[in-house]
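Asker: Mind having a look at this structure? Questions to follow.
Residue numbers (the working numbering): 2 to 434.
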């Protein structure tokens with residue numbers, strides 16, 4: 002059965018600071034679920050009271066945002082968590098390893114949008130500080146950057162359990178520094194971060210404009226780099242596009258390999274749904290996968306939210322997952338789900354993108370400025386409609402079905418190599434929904 006509390010925790014992690022999430026939610030576990038009520042274990046009664054008082058409204062907001070059929074969440078202290086909490090070292094720093102066990106290379110779905118970043122991350126995990134140091138991963142929210150960073154950490158520990166792997170966020174790094182300055186404990190700060198064998202820092206764009214933190218990061222980076230320790234960084238933008246970075250920090254970001262993760266294409270979205278369904282033991286019909294994949298924006302988190310909502314809806318209603326159920330369960334979650342994509346709407350969208358008239362895509366011209374957009378439109382027609390090759394050919398001025406097939410194959414091959422084409426196609430898909 003899908004663990005709804007883990008899904009709620011993931012969304013809480015994206016809404017809270019890393020420090021707040023670690024302090025109050027990271028250790029919590031789902032105790033049990035009965036209908037629309039959850040019982041969640043916490044380390045202590047003090048934690049229960051604080052969570053209920055300080056985070057009750059946020060929790061309700063997250064449940065509404067995910068559109069989960071949950072009416073009540075009860076927190077209760079549990080001896081197992083309480084014992085673990087009492088034996089934690091009280092040095093003020095998070096444990097060296099805070100890796101999500103679900104974020105591994107085995108659970109990461111590889112597609113044209115992320116294959117280079119995936120390959121680079123695996124290379125770093127197999128040969129730390131020997132190939133790409135630092136490795137800088139950038140891309141939009143919900144694209145899988147954090148997943149890859151955790152996967153690197155897990156693989157390194159699998160190969161070399163004695164390594165000291167630190168995963169943290171730039172915000173946590175900054176908060177630790179501020180706290181240690183106030184407590185006059187900067188030696189402890191240096192000892193914690195500069196003793197790492199591998200340092201994984203998420204969301205380094207947060208360092209923008211924070212010169213004191215950048216100064217500390219600069220010296221930490223230099224010491225680890227000089228000792229041949231692996232550094233992996235993530236950001237929502239490439240270094241050159243992060244404002245407020247001092248030049249020497251920007252140059253350190255760019256020393257190694259920069260890799261980007263692009264929005265997932267339709268094939269990758271389908272594969273992600275497959276993987277998630279397999280992991281959770283869910284039977285997901287093909288037509289349901291197509292329905293979700295073609296109606297979500299290019300964001301992995303949105304895909305997972307849609308699947309979570311669907312599974313929860315099926316569980317509560319005791320109904321098997323079908324296309325009809327998906328349409329009902331997700332009608333308020335997926336925008337434009339009732340909008341039918343036609344061949345003509347695809348032709349108009351592609352023509353507009355290339356500043357052409359729709360009629361021009363139906364001409365017999367083989368000039369590149371006509372043929373290339375037409376190939377893209379034919380590819381989208383095959384992906385987004387139920388039309389046959391012959392029907393697609395007729396919509397484009399009577400083209401033979403072999404011409405349509407050639408166009409589809411050509412775009413499929415180019416998508417494997419051309420990042421700009423991937424972005425363009427994802428943009429067109431979004432505009433059609």
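Positions of the beta carbon are idealized from the N, C-alpha and C atoms, including for glycine.
Measuring only the C-alpha atoms, how far is residue 268 from residue 121?
Answerer: Position 267 of the chain shown, counted from the first residue, corresponds to residue 268. Position 120 of the chain shown, counted from the first residue, corresponds to residue 121. Taking the straight line joining both Cα atoms gives about 22 Å.
Asker: Does the Cβ-Cβ distance between residue 149 and residue 113 come in under 8 Å?
Answerer: By 1-based counting over the chain shown, the position of residue 149 is 148. By 1-based counting over the chain shown, the position of residue 113 is 112. No; because the gap between Cβ atoms is not below 8 Å, this pair is not in contact.
Asker: How about the stretch 52-59 and the stretch 30-37: do they share at least three Cβ pairs that are nearer than 8 Å?
Answerer: In short, these stretches do not touch, since the Cβ pair count stays below three.
Asker: Who are the near neighbours of residue 37 in its chain, counting only those whose CB is closer than 6 Å to its CB and skipping five residues on each side?
Answerer: By 1-based counting over the chain shown, the position of residue 37 is 36. Contacts found: 70, 71, 72.
Asker: Mind checking whether residue 218 and residue 249 have CB atoms under 8 Å apart?
Answerer: Indexing the chain shown from 1 puts residue 218 at position 217. Indexing the chain shown from 1 puts residue 249 at position 248. Going by C-beta atoms, residue 218 is not nearer than 8 Å to residue 249.
Asker: Excluding sequence positions up to five away, which residues of its chain have a Cβ less than 6 Å from the Cβ of residue 79?
Answerer: Indexing the chain shown from 1 puts residue 79 at position 78. These residues qualify, in order along the chain: 42.
Asker: Would you check if the stretch 130-139 and the stretch 258-266 touch, i.e. whether three or more CB-CB distances between them fall below 8 Å?
Answerer: Flag = yes, the stretch 258-266 and the stretch 130-139 touch.
Asker: Does the count of Cβ pairs from the stretch 158-168 and the stretch 188-202 closer than 8 Å reach three?
Answerer: Enough Cβ pairs lie closer than 8 Å, so yes.
Asker: DSSP has residue 137 in a bridge; who is on the other side?
Answerer: The residue you call residue 137 lines up with position 136 of the chain shown. Looking at the DSSP assignment, residue 137 forms a beta bridge with 234, 259.
Asker: Where does the unbroken alpha helix (DSSP H) through residue 1 begin, and where does it stop?
Answerer: As shown, the chain starts at 2 and ends at 434. That puts residue 1 outside it, with no answer to give.
Asker: Tell me the rounded alpha-carbon separation between residue 17 and residue 172.
Answerer: Residue 17 sits at position 16 when you count from the first residue of the chain shown. Residue 172 sits at position 171 when you count from the first residue of the chain shown. Approximately 11 Å between the Cα atoms of the pair.
Asker: On the CB-based measure, 16 or more other CB atoms within 10 Å of its CB, does residue 367 come out buried or exposed?
Answerer: Within the chain shown, residue 367 is the residue found at index 366, counting from 1. Flag for residue 367 reads exposed.
Asker: From the DSSP output, read off the bridge partner residues of residue 155.
Answerer: Counting from one through the chain shown, the residue named residue 155 turns up at place 154. Answer by DSSP bridge pairing: none, since residue 155 is not bridged.
Asker: Where does residue 46 fall in DSSP's three states?
Answerer: Position 45 of the chain shown, counted from the start, is the residue given in the question as residue 46. Residue state, collapsed to three classes: helix.
Asker: In whole angstroms, what separates the C-alpha of residue 90 from that of residue 184?
Answerer: Taking the first residue of the chain shown as 1, we reach residue 90 at position 89. Taking the first residue of the chain shown as 1, we reach residue 184 at position 183. At residue 90, the pLDDT of 44 sits below 50, so the modelled position is not reliable; the number obtained from the coordinates is stated separately. For residue 90 and residue 184, the distance between alpha carbons rounds to 17 Å.
Asker: Let me check one thing: in DSSP terms, what residues is residue 75 bridge-paired to?
Answerer: The residue you call residue 75 lines up with position 74 of the chain shown. Per DSSP, 40.
Asker: Out of 222, 191, 190, 395, state which residue places its alpha-carbon closest to the alpha-carbon of residue 205.
Answerer: Translated into positions along the chain shown, residue 205 becomes position 204. Out of 222, 191, 190, 395, 222 has the C-alpha closest to the C-alpha of residue 205.
Asker: Taking a contact to mean a Cβ-Cβ separation below 8 Å, would you say residue 303 touches residue 145 in this structure?
Answerer: Residue numbering aside, residue 303 sits at position 302 when the chain shown is read from its first letter. Residue numbering aside, residue 145 sits at position 144 when the chain shown is read from its first letter. It is not a contact, given that the beta carbons lie outside the stated cut-off.
Asker: Please state whether DSSP places residue 215 in a helix, a strand or coil.
Answerer: Walking along the chain shown from the start, residue 215 turns up at place 214. Residue state, collapsed to three classes: helix.
Asker: At 4 residues or longer, what runs of the alpha helix (DSSP H) sit wholly inside the stretch 333-410?
Answerer: Fully enclosed alpha helix (DSSP H) runs of 4 or longer: 344-354, 369-385, 390-396.
Asker: Beta-carbon within less than 8 Å of residue 388's beta-carbon, same chain only, minus the 5 sequence neighbours each way: which residues are those?
Answerer: For the purposes of this step, residue 388 is taken as the residue at position 387 of the chain shown. Closer than 8 Å at the Cβ level, and outside the excluded window around residue 388, lie 344, 382, 396.
Asker: For residue 32, name the three-state secondary structure that DSSP assigns.
Answerer: Here residue 32 is taken as the residue at index 31 of the chain shown, counted from 1. Looking at residue 32 - three-state DSSP - the assignment turns out to be strand.
Asker: When you compare each of 371, 329, 275, 154 to residue 110 by their alpha carbons, which one comes out closest?
Answerer: For this step, residue 110 is matched to residue 109 along the chain shown. Selected option, being the one with the closest Cα: 275.
Asker: I believe residue 63 touches residue 12 by the beta-carbon criterion, under 8 Å. Please report the beta-carbon distance rounded to the nearest angstrom.
Answerer: Taking the chain shown and counting its residues from 1, one reaches residue 63 at position 62. Taking the chain shown and counting its residues from 1, one reaches residue 12 at position 11. 5 Å between Cβ atoms; contact.
Asker: Under a three-way DSSP split, which group does residue 169 fall into?
Answerer: As a working note, residue 169 is residue 168 in the chain shown. Residue 169: strand per DSSP, three-state reduction.
Asker: By the DSSP assignment, the beta strand (DSSP E) with residue 203 in it spans what residues?
Answerer: For the purposes of this step, residue 203 is taken as the residue at position 202 of the chain shown. Residues 199-203.
Asker: Going by other Cβ atoms of all chains shown within 10 Å of its Cβ, with 16 needed for buried, is residue 369 buried or exposed?
Answerer: For the purposes of this step, residue 369 is taken as the residue at position 368 of the chain shown. By the 10 Å Cβ count, residue 369 comes out exposed.
Asker: For the stretch 100-126, which segments carrying the beta strand (DSSP E) assignment without a break, of at least 3 residues, lie completely within its bounds, in sequence order?
Answerer: Runs found: none.
Asker: Within a Cβ cutoff of 6 Å, which residues of the same chain sit near residue 124, ignoring the five residues on either side of it in sequence?
Answerer: Counting from 1 along the chain shown, the entry for residue 124 is found at position 123. For residue 124, where only same-chain residues beyond five positions count, the Cβ hits under 6 Å are 132.
Asker: Below 8 Å on the Cβ atoms is my guess for residue 347 versus residue 372; work out the distance and round it to an integer in Å.
Answerer: Your numbering for residue 347 matches position 346 in the chain shown. Your numbering for residue 372 matches position 371 in the chain shown. Going by Cβ atoms, the distance from residue 347 to residue 372 rounds to 16 Å, so no, they are not a contact pair.
Asker: Could you check which residue in 60, 187, 48 has the C-alpha nearest to that of residue 39?
Answerer: Within the chain shown, numbered from 1, the residue matching residue 39 stands at position 38. For the residues 60, 187, 48, the minimum Cα distance to residue 39 belongs to 60.
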